[in-house]
Amino acid sequence: MLNVLPTAQDVEAAQERLRDWLIETPVLESELVNERTGLRVLLKAEGLQRGGSFKLRGALNRLVKLSGARR
5 MLNVLPTAQD VEAAQERLRD WLIETPVLES ELVNERTGLR VLLKAEGLQR GGSFKLRGAL
65 NRLVKLSGAR R
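Using the working numbering, the letters of the sequence shown correspond one by one to residues 5 to 75.
Here it is, written out as structure tokens:
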């Protein structure tokens, strides 16, 4: 397997595959962080996900793509 960055299409396909498995977590914004960085910073609250981590998305995406026999 090559280490290739995912494309927008890969992300959209993963979102569709995982739709029924994961909680939709909010995107948060902090005025303080924005002021201190001089940028608009959006934070994805993946700590609210089952398991408390974004890692669940990657692991589950990999498992869901496997055939039943390989799972």
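Ideal Cβ positions, reconstructed from N, Cα and C, are used throughout, including at glycine.
All values reported here derive from a predicted model rather than from experimental measurement.
Taking C-beta atoms under 8 Å as the contact rule, Arg61 and Leu6 fail to qualify, at a distance of about 21 Å.
Within the model, the alpha-carbon separation for Gly55 versus Asn65 is close to 15 Å.
The C-beta distance from Ala49 to Leu32 rounds to 6 Å, short enough to meet the 8 Å contact threshold. In terms of Cβ geometry, Thr29 and Leu52 form a close pair [threshold 7 Å]. Cβ neighbours of Val45 within its own chain (closer than 8 Å, five residues either side excluded): Glu33, Ser34, Val37 and Asn38.
DSSP lists no beta-bridge partner residue for Val8.
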